[in-house]
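K.L.:
Here it is, the structure, as structure tokens.
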Amino acid sequence: MVYNKLVIFFNLFFLVSCSSISINKQIKQEILITDEEIKNQNEFLISSLAIASRKLHDIAWPIMAFNIDSCPNSRINAFGIMVSHIKNLPLSLHSSFHAANPTNLEGNNSFKFPMIISVADKSPANRAKIIEGDQIISINDHIVNYKNYKTLLDEAAIRGVLEIKVKRENKEFLFNLKSEVICGYPVQTMISPIPNAYADGSKIYITIATFDFVKDNQEIAFLIGHELAHNIYHYKGDPLYESNGNPIPIEEKPSLQKITDLLIFQTEAKETEADLYGVEFATKAGIPQNKVANYFRRLSIYMPQLMKDSFFRMHPGNARRVIDIEAKLKALQND
């Protein structure tokens with residue numbers, strides 16, 4: 188009897204043990220699959236932000252360059268690069284930093300030096316044949332690292348000359364650049380599920396959701412021009428050198444303190460003025476604005492309540508905004 192009970196016990200123990208091993212293997216496999224998908228999504232996040240930053244950079248550069256007569260107190264010297272370092276990211280995203288490189292060299296996580304994430308079209312860096320993904324080794328004979336690269340870039344901007352050594356595919360290249368004068372308001376994206384644009388007196392932010400909403404680069408140019416008008420005429424922030432533009436802004440938001448202070452004094456008149464300047468700034472940069480009105484027409488599909496003016500909103504109604512924008516376009520055509 189005792190023997191039979193022992194046999195039954197050991198059989199049950201063996202079955203339970205096998206079952207536990209099987210369950211543990213399944214759980215581990217599920218964790219591995221989940222971790223792999225998280226890795227893929229992290230890389231997609233970094234890549235998407237970098238791509239959005241490049242688009243904004245290309246559109247913003249001529250707007251900032253061709254409107255310096257409107258920003259006499261906020262002009263800077265710039266070379267047309269946006270740079271980031273792996274340590275700018277949360278630790279959990281360090282292994283995904285390579286996705287910011289357009290060539291996406293997977294597995295190359297030894298990013299000792301800052302990476303050039305974006306090179307603006309027709310900028311000094313672009314003409315010098317610097318490319319996105321280059322890693323900066325030195326600036327004006329100073330070896331760069333996480334702590335000093337922004338300061339070195341700012342010092343180069345103040346001097347107006349940049350001698351930059353980069354690493355590209357295990358080769359080193361040396362470039363000499365002369366700066367161009369632009370309006371000192373870096374344009375960057377920010378993480379948000381809502382299409383919108385913001386200015387805080389020093390920077391311009393276009394939400395990542397905006398890129399799915401807009402149908403044409405004209406619309407992005409208008410948004411940049413609109414926020415540029417706020418920074419120049421309505422806000423009292425300080426201009427920034429281009430090193431302050433964050434091409435992979437995981438956690439950065441506009442300066443909430445400045446926005447809170449400024450919204451109190453914002454009016455429909457100022458928003459209308461920013462609309463008209465936005466069209467003018469983009470047009471002056473050679474970016475047509477004949478499709479911009481469609482942005483507000485499309486916005487009214489998603490939020491019909493925005494068609495009409497409202498006492499409770501600081502922005503004019505979308506109908507009036509379209510009428511004013513189209514009138515401004517006609518006036519510009521007649522000039």
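So for the sequence shown, this note's numbering puts the first residue at 188; every next one is plus one.
Ideal placement from N, C-alpha and C gives every residue a C-beta, glycine not left out.
Just so we're clear, the structure is a prediction, and the values are computed from it rather than from any experiment.
#1: From what residue to what residue does the alpha helix (DSSP H) around Glu350 run?
#2: Just how far apart, CA to CA, sit Ala286 and Ser389?
#3: For Ser487, report the span of its beta strand (DSSP E) as first-last.
#4: Between Ile304 and Val270, how many whole angstroms is the CB-CB distance? I'm expecting something under 8 angstroms.
#5: When DSSP builds the beta bridges, which residues end up paired with Phe362?
#6: When you compare only the Cα positions, how much space is there between Leu232 and Asp522?
#7: Give a yes or no on contact between the segment 497 to 516 and the segment 461 to 481, applying the rule of three or more CB pairs nearer than 8 angstroms.
#8: Beta-carbon within less than 8 angstroms of Lys226's beta-carbon, same chain only, minus the 5 sequence neighbours each way: which residues are those?
#9: For Gly523, which residues in the same chain have their Cβ closer than 8 angstroms to its Cβ, ignoring the five residues on either side in sequence?
#10: Distance, Cα to Cα, Ile451 vs Lys440?
#11: Measuring straight from C-alpha to C-alpha, what distance separates Thr338 and Asn418?
#12: Could you pull out every residue in the same chain whose Cβ sits closer than 8 angstroms to the Cβ of Glu406, ignoring the five residues on either side in sequence?
#13: Compare the C-alpha of Ile594 against each of Lys215, Ile255, Glu230 and name the closest.
#14: Are Leu361 and Tyr428 close, meaning C-beta to C-beta below 8 angstroms?
P.N.:
Put simply:
#1: No alpha helix (DSSP H) contains Glu350, which is instead part of the beta strand (DSSP E) from 348 to 355.
#2: Their backbone Cα atoms lie some 28 angstroms apart in a straight line.
#3: If you look at Ser487, you'll find it isn't in any beta strand (DSSP E); it sits in the alpha helix (DSSP H) that goes 480 to 489.
#4: Between Ile304 and Val270 the beta-carbon gap is near 7 angstroms, inside 8 angstroms, which marks them as a contact.
#5: DSSP lists Ile351 as partners of Phe362.
#6: Those two C-alpha atoms are separated by around 44 angstroms.
#7: Yes, since at least three Cβ pairs between the segment 497 to 516 and the segment 461 to 481 fall closer than 8 angstroms, the two stretches touch.
#8: Hits under 8 angstroms: Ser282, Ser283.
#9: Residue numbering for the chain in the displayed model covers 188 to 522; residue 523 lies beyond these limits and cannot be assessed.
#10: Low confidence applies here, because Ile451 scores a pLDDT of 42, under 50, leaving its location unreliable and the question unanswered by this model.
#11: Rounded to whole angstroms, Thr338 to Asn418 spans 24 angstroms at the Cα level.
#12: If we look at Glu406 and ignore the five residues flanking it on each side, its Cβ neighbours are Lys478, Val479, Asn481, Tyr482.
#13: Not covered by the structure: residue 594. The range shown for the chain is 188 to 522.
#14: When the beta-carbon positions are compared, Leu361 and Tyr428 stay at least 8 angstroms from each other.
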